[in-house]
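Quick note on the working numbering: the sequence shown kicks off at 198 and runs consecutively.
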Amino acid sequence: MSAALILLAIGLSGAIWLWPRSPPPPPEDAVADTPCAEQTFQDEAFVVCVLPPDQFAVSIAHNDGQTKADAGVMDALRTRAARGAPPMLVMNAGMYDADLDAIGLLIENGRQLHALNTRDGPGNFHMKPNGVFAVDRQGQASVTPSERWKSDSEIAFATQSGPMLVVDGDLHPAFDENGPSRYRRNGVGVRADGAVVLVISRSFVSFGVFARLFRDVLHCPDALFLDGAVSALAGPDGPLVGGTAPAGPVILVDRKD
C-alpha cells in the first residue's frame, strides 16, 4: 500500500472516531420518577427501591380506626395527595387483622398504637424470629428481631411483621432454598450505610429466593418480610406493582428538599 493510501486510511479512521455519537439510552431497568429499578435475580423479577437517609424520609401511617383513611396504599396515596403532599412511594407495611388493624407493634409519630406481639401462633407473622422495622427521630432506620426490640422514646415510626428474612447476615433457619410456597412478596432491609431498601416481587417467589436477594445482592445484613399476596407498591401517579386491596399500615417515602 502506498504512503498516500496509508495516510488516507489513518485520516478516515480518525474521522470515524471523532464523529458525534448519540448519548447512551437511559437504563431500561429504571422505574420512571421513582428511586426504584427493575431487578432480576434467579430468573425472578423484582422492583427494588434504595433510599439513602440523606435523600429520602421514610415514615409509617395507619388508619385512624374510624375513617380508615390510610387503609391501603392507594388510600394513603389519595389522602396525602388531597393534602397537597403526594408521597414518592407507598408500600404496605405489615400484617393486620380483619378490621385492618395491626397485629404487632405499631408506632406512628412517636405514639404507640399497638404493643409488641411476642405470642406464638400460626401463619407467617409467628414464624420466629419475626421482627420490627423502625425509623428514629433522626431518620435512621433499623430492622431488629422482635426478641431484641427495646422500647425507645427516640423511635418515631415502627411496624412489626414476620418472618425475618435475614438476621445478622444469616437466612431465616426455616427457609428452604426454593420452597413450594410462592406469592408476590414485599419486604424491607437496611444496608450498613443506613439506606432503606424496599423490595416487591413481580414474580410469585419463594421465601428462600426473596431472602437471598436481600442478603446476596442488596447487601442487607437484616431484612424483614412485610406481606405476601396482597403486596403492593404505588408511586405518585398510581400503582406500580400489585393490586389496590385494602391493607393495614403503610410505608410512605418522601424526597427531602
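Here a beta-carbon is modelled for each residue, glycine too, at the ideal position from N, C-alpha and C.
As assigned by DSSP and simplified to three states, the class of residue i
i, result
"Phe322", "helix"
"Pro224", "Low confidence applies to Pro224: its pLDDT is 39, below 50, so where it sits in the model is not reliable enough to give any reading."
"Gly405", "helix"
"Met271", "helix"
"Arg452", "strand"
"Ala442", "coil"
"Leu421", "strand"
"Asp251", "coil"
"Ala278", "helix"
"Ser343", "helix"
"Leu368", "strand"
"Val427", "coil"
"Arg172", "Absent from the structure is residue 172, since the part of the chain shown begins at 198 and ends at 454."
"Ala266", "The predicted position of Ala266 is uncertain, since its pLDDT is 46 and thus under 50; a value taken from the coordinates is nonetheless stated next. Note: Ala266 maps to coil in three-state DSSP."
"Ile300", "coil"
Run of the beta strand (DSSP E) containing residue i, from where it starts to where it stops
i, result
"Leu248", "Glu241 to Leu248"
"Asn289", "Leu286 to Asn289"
"Asp333", "Gly328 to Asp333"
"Ser358", "Ile352 to Ser358"
"Gly391", "Run containing Gly391: none; DSSP gives neither H nor E here."
Span separating the alpha-carbon of residue i from that of residue j
i, j, result
"Asp317", "Asp454", "43 Å"
"Asn383", "Phe401", "11 Å"
"Ser234", "Pro319", "Before going on, a small fix: residue 234 reads as Ala here, not Ser. Computed Cα separation, rounded: 34 Å."
"Gly328", "Ala229", "31 Å"
"Met271", "Gln337", "26 Å"
"Arg275", "Pro283", "8 Å"
"Asp424", "Gly269", "13 Å"
"Phe372", "Ser428", "20 Å"
"Ser348", "Val387", "19 Å"
"Thr460", "Phe322", "Not covered by the structure: residue 460. The range shown for the chain is 198 to 454."
Supposed contact pair residue j and residue i - C-beta distance, whole angstroms, cut 8 Å
i, j, result
"Ser343", "Pro326", "7 Å"
"Met285", "Arg452", "5 Å"
"Gly439", "Arg381", "6 Å"
The region 290 to 308 touching the region 342 to 356, judged by at least three CB pairs closer than 8 Å | Yes, the region 290 to 308 is in contact with the region 342 to 356.
How about the region 246 to 257 and the region 390 to 399: do they share at least three Cβ pairs that are nearer than 8 Å?
-> Result yes; three or more Cβ-Cβ pairs closer than 8 Å.
Examine the Cβ distances between the region 437 to 451 and the region 284 to 298 and report whether three or more of them are shorter than 8 Å.
-> Contact between the region 437 to 451 and the region 284 to 298 is established, with three or more Cβ pairs separated by less than 8 Å.
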